[in-house]
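Enquirer: My questions all concern the structure below.
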Amino acid sequence: MKRLIIFFCIFFPSGLAAQKGSISGYVRAINGEAIEAATLVIKNTTLGTVTNREGFYKINNINPGTYIIRASLIGYETREETITVLEGDNYADFDLDETNINLNEVVVTGTRSEKALKNVPVITQVINARRMIDLGITSVTGALQNMVPGLDIGQFGTRATVTLQGMDAKYVLFLVDGERIAGEISGDIDYSMLNLENIDRIEVIKGASSSLYGSNAIGGVINIITKKIDEPFDSRIYSRYSAFNEFTSGGEVSFKKGMAGSRTSFNFSHHDGYDITPETPYEWTQNPYNSFSVNQKFEIIPSWRFSLTPYFGYYRFERGNVSARPVHDLYTDIKAGLKGEYYFGEHSVDFSYYRDRYNTFNVYELLNNQKDTASYDIIQTVRTQGNFKISEINTLTAGLEYNYEKLFSDRIEEGIKNAGEAVFYIQEDISPGELWNIIAGVRVSYHSNYGFNAAPKLSLLFKPGFGNLRASAGTGFRSPALKELYMNFDHFGEWYLMGNPELRPETSLYVSGSYEFSKPWNNSSVSVFHNTLSDMITDRWLPDTNRLTRKYENVASASVSGLDFLSKQKIFKGLWINIGYNYVHSHDNQTGLQLYGTTKHSGNISSDYNFRKKNYSLTIQLLCKLMGEKFYEITDEGIDRDRPFSTWRLTVSQEYKWLRLTTGVDNIFNLVIPHNNNYISPGRRFFVGTNIDFGKIR
Numbered sequence: 095m096k097r098l099i100i101f102f103c104i105f106f107p108s109g110l111a112a113q114k115g116s117i118s119g120y121v122r123a124i125n126g127e128a129i130e131a132a133t134l135v136i137k138n139t140t141l142g143t144v145t146n147r148e149g150f151y152k153i154n155n156i157n158p159g160t161y162i163i164r165a166s167l168i169g170y171e172t173r174e175e176t177i178t179v180l181e182g183d184n185y186a187d188f189d190l191d192e193t194n195i196n197l198n199e200v201v202v203t204g205t206r207s208e209k210a211l212k213n214v215p216v217i218t219q220v221i222n223a224r225r226m227i228d229l230g231i232t233s234v235t236g237a238l239q240n241m242v243p244g245l246d247i248g249q250f251g252t253r254a255t256v257t258l259q260g261m262d263a264k265y266v267l268f269l270v271d272g273e274r275i276a277g278e279i280s281g282d283i284d285y286s287m288l289n290l291e292n293i294d295r296i297e298v299i300k301g302a303s304s305s306l307y308g309s310n311a312i313g314g315v316i317n318i319i320t321k322k323i324d325e326p327f328d329s330r331i332y333s334r335y336s337a338f339n340e341f342t343s344g345g346e347v348s349f350k351k352g353m354a355g356s357r358t359s360f361n362f363s364h365h366d367g368y369d370i371t372p373e374t375p376y377e378w379t380q381n382p383y384n385s386f387s388v389n390q391k392f393e394i395i396p397s398w399r400f401s402l403t404p405y406f407g408y409y410r411f412e413r414g415n416v417s418a419r420p421v422h423d424l425y426t427d428i429k430a431g432l433k434g435e436y437y438f439g440e441h442s443v444d445f446s447y448y449r450d451r452y453n454t455f456n457v458y459e460l461l462n463n464q465k466d467t468a469s470y471d472i473i474q475t476v477r478t479q480g481n482f483k484i485s486e487i488n489t490l491t492a493g494l495e496y497n498y499e500k501l502f503s504d505r506i507e508e509g510i511k512n513a514g515e516a517v518f519y520i521q522e523d524i525s526p527g528e529l530w531n532i533i534a535g536v537r538v539s540y541h542s543n544y545g546f547n548a549a550p551k552l553s554l555l556f557k558p559g560f561g562n563l564r565a566s567a568g569t570g571f572r573s574p575a576l577k578e579l580y581m582n583f584d585h586f587g588e589w590y591l592m593g594n595p596e597l598r599p600e601t602s603l604y605v606s607g608s609y610e611f612s613k614p615w616n617n618s619s620v621s622v623f624h625n626t627l628s629d630m631i632t633d634r635w636l637p638d639t640n641r642l643t644r645k646y647e648n649v650a651s652a653s654v655s656g657l658d659f660l661s662k663q664k665i666f667k668g669l670w671i672n673i674g675y676n677y678v679h680s681h682d683n684q685t686g687l688q689l690y691g692t693t694k695h696s697g698n699i700s701s702d703y704n705f706r707k708k709n710y711s712l713t714i715q716l717l718c719k720l721m722g723e724k725f726y727e728i729t730d731e732g733i734d735r736d737r738p739f740s741t742w743r744l745t746v747s748q749e750y751k752w753l754r755l756t757t758g759v760d761n762i763f764n765l766v767i768p769h770n771n772n773y774i775s776p777g778r779r780f781f782v783g784t785n786i787d788f789g790k791i792r
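Each residue of the sequence shown is one higher than the one before, starting from 95 at the first, in the numbering used here.
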């Protein structure tokens, strides 16, 4: 009994303190208008809330002491204040500046800990939910393609493919709240299962991140951060309609009361499909489909120090059949997890368990739609991590992790294969003065198939007064995927792809440097990078075989170098011009040829106009996406490549109180390019969408 009492004293101290304090106040814009739905968070605690229509907030049950409270809202500059809380009522008001450049925004991916964007030694691009809604974007791939220079969305068969800075998706690690996603095919996951309604922001880091995230992070990390439960009650529904009967609808409902909170989001999508290659009537460019997803998150807060977050999600995607074969595909995904966080002083410890199972079924239409399992992929992760404030200039992050993957496929002779990996990682974050930040880390892992591996990384940030200078160097590795090792794939008898159990892990050395200039009217950055890969895994044609056969092999090495340029310029109040450009020079070090499926030049240009009054806002964006020639390979007929192109998109979004109306046109100039994996579009398409926020109806 004595031990039980001590346990509750440590983890649930809220009921033991006789006297508590509270903080209340108003959050306003510089012009004095109240700011609704601003988030107030007390750092290093589980406490927080949002403002009401009058801009008022109140946080209760605070132990007396000194805290840092953060006020933030998309479209305004984040502000932090140090406040001493006494017993009883305490007051603090916040005045926030409107801005399109919020370098105080907090990100987590680059360092696995909360850090202001301006203080991260690796350039991180953030795409927030409000901007995606304003632009009428309904998918993660649409957001990435339109907003991240150097990121290219193509198509392989019926699936979307991603390339980042010349590196295809198997070198880019996709995460949801820091957790891996099951069900990859040729490196790409099923991007359709990422429900945009559940997303708070997307953080994009280009370059090697294996020191924190391990295999697959050679080329970068894209971390999708889901929404937190902040408001006492919130509910909304949305819908969008476009050509070819493309319809998306969904919504969410959330509440938070006392020690408990809940958020439920759901999404339904339908598409009739289209074909821009009539010479192949049984292979459409875009197959018809129906999809549904639901995500549930709970939040349990026994005390101001401790929180538990259980969550689960379900996804179903059924592809329509346009072929002569009476069989079509069905995909499902079931995920669940639990995360706990505990704060003590300026330190924190968290733990998590995550499981994700992705299933592929064959549905037989002549057998009353009976189905059998073609494959399943299971990922499980257990992790614990601590963030320790060693001193005013030194923060230590350390973690233990175990990853397990199990793969079944009717294309694997033995049926089932699995692999495990035990991991320890450690990182030092040192700020020896206001001008410097140094982050050094290493990840040591033991893989069940490949033994020990260590991936160190060093990142520097220097602020000399005329901008920010950043530099990074690190090694990376990627263990062969189970599908590359064991799966044999027959493409309808046309060609055959063989796995190779003798594959070796890929390794890389990445270096980068960047300069960033920032003023209230301009934020610009230029980055250069070089990535050398050894034992690169690719599939190659086998000579002297009875049929067209490809096999996964390790090749000598490859190099990818390039430049990134980003600029956001204010023209006058409300009008901004955004420019992004990416240059990539990639080649096989053995043959000297450009790497398969890479583009040297890409970029985007957009003009954004924002007008805001008390209950009304207007956003107009004109976006141009530029894509250079994409190289594939040299054949007997010549060079296989896709032509360069540009595409334009116009979006108008208006919000009045609780109602948002979005209209626009995609592919304004009606560009159609058949047989181009780099650009898939049936031509000009108009779209209209609505969003009703019931939480604002009062």
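Every residue gets a Cβ at the ideal spot worked out from N, C-alpha and C, and that includes glycine.
Computed from a prediction, not measured in an experiment: that's the story for all the values here.
(1) Which whole-angstrom value describes the C-beta separation of Thr265 and Gly313, a residue pair presumed to lie in contact below a C-beta threshold of 8 Å?
(2) Whole-angstrom Cβ separation of Gln684 and Ala650, contact assumed at under 8 Å?
(3) By the 10 Å Cβ neighbour count, where 16 or more other Cβ atoms means buried, how is Val421 classified, buried or exposed?
(4) Would Tyr750 be called buried (16 or more neighbouring beta carbons within 10 Å of its own) or exposed?
(5) Could you give the distance in angstroms between the alpha-carbon of Asp444 and the alpha-carbon of Tyr437?
(6) Which of helix, strand or coil does DSSP assign to Ser542?
(7) Taking 7 Å as the cut-off, decide whether the C-beta atoms of Tyr215 and Leu554 are in contact.
(8) Please state if the CB of Phe392 and the CB of Ser446 are separated by a distance shorter than 7 Å.
(9) Taking buried to mean at least 16 other C-beta atoms within 10 Å of its own C-beta, is Asn670 buried or exposed?
(10) Please state whether DSSP places Asn389 in a helix, a strand or coil.
(11) Leaving out the 5 sequence neighbours to the left and right, which residues in its chain are closer than 6 Å to Ile699 when beta-carbon positions are compared?
(12) Got a sec? Which residues, its chain only, sit under 7 Å from Thr794 by beta carbon, not counting five neighbours each side?
(13) List, from N- to C-terminal side, the beta strand (DSSP E) runs of 3 residues or more that fit wholly inside the stretch 454 to 520.
(14) Looking at C-beta atoms only, is the number of pairs between the stretch 511 to 519 and the stretch 534 to 542 that lie closer than 8 Å three or more?
(15) Based on Cα-Cα distance, which residue from Glu340, Asn292, Ala311 lies nearest to Lys322?
(16) Give me the Cα-Cα distance between Ser628 and Ser653, rounded to the nearest whole angstrom.
(17) According to the neighbour-count rule (16 or more other Cβ atoms, all chains shown, within 10 Å of its Cβ), is Pro574 buried or exposed?
(18) Which of helix, strand or coil does DSSP assign to Lys557?
(19) Round the Cβ separation of Arg206 and Thr491 to the nearest angstrom and send it over; I've been treating them as touching at under 8 Å.
(20) In chain order, what residues of the same chain have a beta carbon less than 7 Å from the beta carbon of Ile487, not counting five sequence neighbours either side?
(21) For the beta strand (DSSP E) that contains Asp191, what are its first and last residues?
(22) Between which two residues does the alpha helix (DSSP H) containing Met241 stretch?
(23) Hey, how far is the Cα of Lys577 from the Cα of Thr320?
(24) With distances taken between CB atoms, is the gap from Phe666 to Gly301 smaller than 7 Å?
(25) Counting beta carbon pairs with one atom in the stretch 130 to 146 and one in the stretch 676 to 683, are three or more of them shorter than 8 Å?
(26) Got a sec, what are the start and stop residues for the alpha helix (DSSP H) Glu578 sits in?
(27) What are the start and end residues of the beta strand (DSSP E) that includes Arg572?
(28) Taking its Cβ as the centre, do 16 or more other Cβ atoms sit within 10 Å of Ala418, making it buried, or is it exposed?
(29) Is there contact here, the stretch 497 to 510 with the stretch 466 to 485, by at least three beta-carbon pairs under 8 Å?
(30) Take Thr745 as the anchor and find which of Glu435, Tyr703, Phe349, Ser619 has the nearest alpha-carbon.
(31) Exposed or buried, Gln113, counting other C-beta atoms within 10 Å across all chains shown (16 or more means buried)?
(32) Pick out whichever of Asp760, Ile136, Val416, Tyr335 has its Cα sitting closest to the Cα of Thr374.
(33) The beta strand (DSSP E) that contains Ser304, what's its start and end?
(34) Going by DSSP in three states, Val451 sits in which element: helix, strand or coil?
(35) Going by Cα to Cα distance, which pick from Asn138, Leu167, Ala131, Ser305 is closest to Leu603?
(36) In terms of residue numbering, what span does the beta strand (DSSP E) encompassing Arg122 cover?
Expert: Based on what the coordinates show:
(1) The question names Thr, but residue 265 in the sequence shown is Tyr. Going by Cβ atoms, the distance from Tyr265 to Gly313 rounds to 4 Å, so yes, they are a contact pair.
(2) 4 Å
(3) exposed
(4) exposed
(5) 9 Å
(6) coil
(7) The residue you asked about is not Tyr; residue 215 is Pro in the sequence shown. Taking 7 Å as the Cβ cut-off, Pro215 and Leu554 qualify as a contacting pair.
(8) no
(9) Checking the sequence shown, residue 670 turns out to be Trp, not Asn. So Trp670 ends up on the buried side.
(10) strand
(11) Ile673, Cys718
(12) The chain is shown from 95 up to 792; residue 794 falls before or after that span and cannot be answered.
(13) 464 to 485, 488 to 503
(14) yes
(15) Asn292
(16) 9 Å
(17) buried
(18) coil
(19) 6 Å
(20) Ile524, Ser525, Pro526
(21) Looking at the DSSP string, Asp191 is not in any beta strand (DSSP E), and its letter there is neither H nor E.
(22) 234 to 241
(23) 29 Å
(24) no
(25) no
(26) 576 to 580
(27) 562 to 572
(28) exposed
(29) yes
(30) Tyr703
(31) exposed
(32) Val416
(33) Ser304 -> not in any beta strand (DSSP E); alpha helix (DSSP H) instead, spanning 304 to 307.
(34) First, the amino acid is wrong: residue 451 is Arg here, not Val. Strand.
(35) Ser305
(36) 115 to 123
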